[in-house]
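All remarks here apply to the structure that follows.
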């Protein structure tokens, strides 16, 4: 049932207040939104926006009705019948009798009367064959012609009822890596390749004589004098990440952009999404050749976890490696949608789902206490877990959209090229903080 403007206003206000409460709770706690809060916030803002759009539509309809009523009075659309049976406009002007309807013209025609004359007593016999003359109408009324009955038929146009997001995958990898910016075409950063911690209790020196130098791992060959401190070490490597350009474009006619207000918006959204999708793919799968990033899957020094018993055991042991070997705290899993499904369908011996089954939230929320980033950038059968704060995405130039008619012969053909591009660099600061997981038995 259509809602009134007042009802829509109350609905919009309700969603905005709920969104405000979520934001206030995060602000007072001096923290980021949880995955659940982020999802709720997006839902409330989406519904508030939809309610606002509906309000604007209702207002537009009300104005249209008022204008139609005003104009209708002038052309007798608002005419009513008075007590004497005569038609008059809302302003009181009497109108001539309306023209006869098509049915009245037919029943009063001489051809119809001649047809009735063939029926004795006004009734046709059961098997009597009758034939009338051509009824004197000038033209056939047809629905397929715009100059006949079809002129009264309005096309049922729905437009693009669903957004382009229906054809787009969710992109969330940006949410877990460290964001950065750069003003250069290259980024030099330090990568930690190994760490040796030889810290140990040290006895007080008993002699001023120099002890023998330590052996492997800080152990002393001869420390008769005491007081010799063991030496730790950290292996570092200077890595240069070049800023890469990601771009694509599409053509459109100037007429399409002028006549359809939605077209430019849809194209912009499509092009901008395309950049982010390729960026996510590069951050995971880039092979560091040509203009490709050095993606996580091709960084030397990351750990690996082989299949062990089952999916849950394998995923948990990989998380442990991040903690014990990488000396880091994992903050997310990256899984392909098909592998997320495999986790969701896991059951115990009594066929009870581990993740709540059809009525549960599934692993799309968390796995072993960590958020799951479901992405098609990760190959099926492979997963990643790690401290993604130790992976940095440096933005050199935020995504932009430009339009020009200077491409080829576009100027004389009334075409334009719509170009979207961005520039960024990606780097992994500590490879050992990431574990590649083999999810195939």
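Numbering (the working numbering), first residue to last: 1311 to 1751. Built from N, CA and C at the ideal position, the CB exists for glycine as well. This structure is a prediction, so every number in the text was calculated from the model and none was measured.
Let me check one thing: in DSSP terms, what residues is residue i bridge-paired to?
i: residue 1546; result: 1502
i: residue 1497; result: 1551
i: residue 1705; result: 1491 and 1734
i: residue 1559; result: 1729
i: residue 1747; result: 1615 and 1693
i: residue 1684; result: 1645
i: residue 1597; result: 1604
i: residue 1711; result: 1730
i: residue 1657; result: 1663
i: residue 1677; result: 1680
Is the distance from the Cβ of residue i to the Cβ of residue j below 8 angstroms?
i: residue 1585; j: residue 1709; result: yes
i: residue 1491; j: residue 1704; result: yes
i: residue 1738; j: residue 1632; result: no
i: residue 1596; j: residue 1602; result: yes
i: residue 1593; j: residue 1581; result: no
i: residue 1502; j: residue 1740; result: yes
i: residue 1604; j: residue 1545; result: no
Starting from the Cα of residue i, find the closest Cα among the options and give me that residue.
i: residue 1667; options: 1660, 1675, 1655 and 1616; result: 1655
i: residue 1675; options: 1651, 1660 and 1487; result: 1651
i: residue 1716; options: 1729, 1605 and 1545; result: 1729
i: residue 1613; options: 1630, 1713 and 1544; result: 1630
i: residue 1495; options: 1731, 1732, 1706 and 1714; result: 1706
i: residue 1321; options: 1359, 1350, 1352 and 1341; result: 1359
i: residue 1682; options: 1640, 1714 and 1661; result: 1640
i: residue 1713; options: 1564, 1699 and 1324; result: 1564
i: residue 1615; options: 1313, 1751, 1423 and 1327; result: 1751
i: residue 1330; options: 1354, 1427 and 1313; result: 1354
i: residue 1700; options: 1367, 1487 and 1368; result: 1487
i: residue 1504; options: 1515, 1511, 1543 and 1483; result: 1543
i: residue 1483; options: 1367, 1589, 1663 and 1340; result: 1589
To the nearest angstrom, how far is the alpha carbon of residue i from that of residue j?
i: residue 1562; j: residue 1579; result: 14 angstroms
i: residue 1678; j: residue 1642; result: 10 angstroms
i: residue 1724; j: residue 1576; result: 20 angstroms
i: residue 1685; j: residue 1485; result: 12 angstroms
i: residue 1749; j: residue 1628; result: 11 angstroms
i: residue 1566; j: residue 1598; result: 40 angstroms
i: residue 1702; j: residue 1557; result: 21 angstroms
i: residue 1260; j: residue 1600; result: One cannot answer for residue 1260 here, as it falls past the ends of the chain, which runs 1311 to 1751.
i: residue 1695; j: residue 1554; result: 26 angstroms
i: residue 1518; j: residue 1338; result: 59 angstroms
i: residue 1732; j: residue 1489; result: 15 angstroms
i: residue 1647; j: residue 1587; result: 15 angstroms
i: residue 1548; j: residue 1327; result: 49 angstroms
i: residue 1560; j: residue 1583; result: 13 angstroms
i: residue 1500; j: residue 1661; result: 50 angstroms
i: residue 1324; j: residue 1352; result: 14 angstroms
i: residue 1513; j: residue 1698; result: 40 angstroms
i: residue 1342; j: residue 1350; result: 14 angstroms
i: residue 1645; j: residue 1356; result: 27 angstroms
i: residue 1369; j: residue 1313; result: 12 angstroms
i: residue 1665; j: residue 1619; result: 19 angstroms
i: residue 1680; j: residue 1659; result: 25 angstroms
i: residue 1508; j: residue 1516; result: 22 angstroms
i: residue 1591; j: residue 1649; result: 17 angstroms
i: residue 1493; j: residue 1711; result: 20 angstroms
i: residue 1670; j: residue 1340; result: 30 angstroms
i: residue 1663; j: residue 1367; result: 46 angstroms
i: residue 1573; j: residue 1653; result: 40 angstroms
i: residue 1568; j: residue 1420; result: 56 angstroms
i: residue 1510; j: residue 1657; result: 47 angstroms
CB of residue i to nearest heavy atom of the ligand SAM: below 7 angstroms?
i: residue 1687; result: Among the components of this structure there are no ligands whatsoever, and the ligand SAM is therefore not found.
Would you call the stretch 1618-1632 and the stretch 1712-1725 touching, i.e. three or more CB-CB distances under 8 angstroms? Under the three-pair Cβ rule at 8 angstroms, the stretch 1618-1632 does not count as touching the stretch 1712-1725.
How do the stretch 1632-1646 and the stretch 1738-1747 stand: do at least 3 beta-carbon pairs fall below 8 angstroms, yes or no? The stretch 1632-1646 makes contact with the stretch 1738-1747: 3 or more CB pairs, one atom from each, lie closer than 8 angstroms.
Counting pairs of beta carbons, one from the stretch 1687-1704 and one from the stretch 1538-1546, are three or more of them closer than 8 angstroms? With contact defined as three or more Cβ pairs closer than 8 angstroms, the stretch 1687-1704 and the stretch 1538-1546 are not in contact.
So does the stretch 1311-1321 actually touch the stretch 1346-1353, counting three or more Cβ pairs closer than 8 angstroms? Touching, no.
Below 8 angstroms, how does it come out for the stretch 1360-1370 and the stretch 1327-1340: are there three or more Cβ pairs, yes or no? Judged by pairs of C-beta atoms under 8 angstroms, the stretch 1360-1370 does not touch the stretch 1327-1340, as fewer than three such pairs exist.
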